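Residue numbers (our numbering): 438 to 575.
Right, dumping it as structure tokens:
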């Protein structure tokens, strides 16, 4: 279910961004748990996730159907509402993913936006992020 939201990004040629919005028949706490715990996030992404979901954390995500690790940098964690991270591989342009959760009458609205990051500016974060060509906006 939710894994298809993220996988969509890799099936379309991204211009600058891709936005996907879904309405889930689950309460916001359940949806937040699914994206904020590495094991559950791995189920959601169909990937092996090795990153703590806290601001400034770095790690990797290896999608089972791709094999190449993505270096991940967690930028923002607004408990129960918003998760923002950047990721890149050695062969793909870096991008930023924001996941917003909003309660609605029938459950939860989840909006996932992935946008390509501009080239040329190195991330302010660690050498691991720089090596993976993560960049930041001006």
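Quick reminder that beta carbons are idealized off the backbone N, C-alpha and C, glycines included. This structure is a prediction, so every number in the text was calculated from the model and none was measured.
Close beta carbons around residue i, own chain, < 7 Å, minus the five adjacent residues each side
| i | result |
| --- | --- |
| residue 511 | 488, 490, 491, 492, 493, 494, 522 |
| residue 468 | 461, 538, 545, 547 |
| residue 450 | Low local confidence applies: a pLDDT of 46 at residue 450 is under 50, so the model's placement there is unreliable, and no value is given. |
| residue 479 | 485, 486 |
Cut-off 6 Å between Cβ atoms - residues of its own chain near residue i, not counting five sequence neighbours on either side
| i | result |
| --- | --- |
| residue 471 | 477, 481 |
| residue 540 | 465 |
| residue 506 | 497, 499 |
| residue 475 | 486 |
| residue 530 | 553 |
Between the CA atoms of residue j and residue i - distance to the nearest angstrom
| i | j | result |
| --- | --- | --- |
| residue 508 | residue 552 | 16 Å |
| residue 518 | residue 527 | 30 Å |
| residue 520 | residue 535 | 6 Å |
| residue 514 | residue 503 | 27 Å |
| residue 485 | residue 542 | 33 Å |
| residue 555 | residue 501 | 27 Å |
| residue 525 | residue 516 | 24 Å |
Buried versus exposed, by CB contacts within 10 Å (16 or more), residue i
| i | result |
| --- | --- |
| residue 456 | exposed |
| residue 410 | The first residue shown for the chain is 438 and the last is 575, placing residue 410 beyond what the model contains. |
Beta-carbon proximity list for residue i, same chain, < 8 Å, skipping 5 on both sides
| i | result |
| --- | --- |
| residue 453 | 552, 553 |
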